[in-house]
Structure formats: C-alpha cells, structure tokens
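If you want our numbering, it's the 1-based position in the sequence shown plus 179.
We put the beta carbon where it would ideally sit given N, CA and C, even for glycine.
What follows is one structure encoded as structure tokens, with my remarks underneath.
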Amino acid sequence: MPNPNIPPAATWDEPIDMLFACHGKVKRFCGQLKLLPDYLAKNGTDTAARQAVTQICTYFNQAAPLHHEDEEQDFFPALLRHAPQAQTDVDTLEAQHITLHADWAALHTQLQELLEGSRTTLNETLLHRFTSGYDVHTAIEEPLFELGRKAIPQAERQAIGKIMAARRQPKPQPSGN
180 MPNPNIPPAA TWDEPIDMLF ACHGKVKRFC GQLKLLPDYL AKNGTDTAAR QAVTQICTYF
240 NQAAPLHHED EEQDFFPALL RHAPQAQTDV DTLEAQHITL HADWAALHTQ LQELLEGSRT
300 TLNETLLHRF TSGYDVHTAI EEPLFELGRK AIPQAERQAI GKIMAARRQP KPQPSGN
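Have a look at this one:
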C-alpha cells in the first residue's frame, strides 16, 4: 500500500513534475557547491570531496543541459502558445541559460583541476555567481512551471513528456559497414 506521506515519484507522464524534480537536484548540487570551499579548507580533496565533485560534474554536464533543452524546445514554446504573457520571463530565462552554461564551463574546468590534483581551491566569486545564478533562475522559472500546469492541456503535456523522455534515450550507433 502506498504511503500517503510520501509523494509519488515524478514520471514523464507529467513533465512539469520532472522539471521540478530537476530543480530539486540543481538546488541540492548547488548547495553542495556552496559548502565545498569550506570543506576543502578543512579536509582537502578527500574521497568525500572527490565523490561529491564527480556527482556534481556528472549532473551539470549531462542532466542540466538536457533540462534546458526540454525547456527551450518543448516547455517554453507550449507555455507561450497557451500563456503568451510569459514571454518576458521566457526571454530572461533563455538568456540566463547562456550565462549559466558559460559559468558552468569555467567552474567545471576548476572542478576537473581539483580532481586531477592541480588545484586545491576554487574561485569563490565564480562559484557564487554560478550558484546564485541558479537561485535567481529557479525563482523565475518555477512559477512558470505552475502556470504551465494550469495553461497547457494535459494531453499536450503528456506529448511533451514523451519527447523529453526520448531525448534521454541512447542514440543508435551507425553500423560499421
């Protein structure tokens, strides 16, 4: 019997739940990044730090770009068809995606150097810019998720969910004929 105190897991049948779930991971990993400088100062690049950095890098290298594609290619266009008043926020969010990707590229380089042992600290200004950029970004975006839940018909949301799920499927490799 399901526990009524535990919400059901998000599925692609409701892509807005999946978008929120991604934001949960973004917030968790950004929280870890915020703690990282003090942790490194006390413990160095120990096993726990290396594991956390590896997980953070995996998420922001793989899942975060797919999440942004989901929004830009599927969610935002559908939202704007049904709630055109969201255009200004969508424009802001798309511009923020560019900045977030650029900041991640710079921060990722430092995190890789940390893992390789050629760096022992991180540029805290860059780290703060990246994490606070996501704080601002999610604060603008999450109300649009709720608007989308109300404005976009369920059948269209489900179709979007199928597209988003397919985006994560491995691409077939060409045969070597």
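- In the DSSP annotation of this structure, the continuous segment of the alpha helix (DSSP H) that includes residue 341 starts and ends at 333-346.
- In the structure shown, residue 310 falls within a helical segment according to DSSP collapsed to helix, strand and coil.
- The DSSP-derived three-state label of residue 350 is coil.
- Each of 195, 276 and 300 was checked against the Cα of residue 313, and the nearest Cα belongs to 276.
- Per DSSP, residue 298 is not a residue of any alpha helix (DSSP H), being assigned neither H nor E.
- A Cβ-Cβ contact shorter than 7 Å links residue 246 with residue 201.
- In this structure, residue 343 lies near residue 249, with their beta-carbon atoms less than 7 Å apart.
- Residues of the same chain with a CB within less than 7 Å of the CB of residue 191, apart from the 5 flanking positions on each side, are 197, 340, 341, 343 and 344 in chain order.
- DSSP, read as helix, strand or coil, puts residue 325 in helix.
- Between the segment 269-285 and the segment 207-225, the count of Cβ pairs shorter than 8 Å is below three; the stretches do not touch.
- Distance from the Cα of residue 295 is smallest, within the candidate group 228, 282 and 204, for 228.
- Distance between residue 298 and residue 206, taken at the CA atoms: about 25 Å.
- For residue 262, the CB contacts under 6 Å within the same chain, skipping 5 residues up- and downstream, are 326 and 330 in chain order.
- For residue 346, same chain residues with a beta-carbon under 8 Å away, outside a window of 5 residues either side, are 245, 248 and 249 in chain order.
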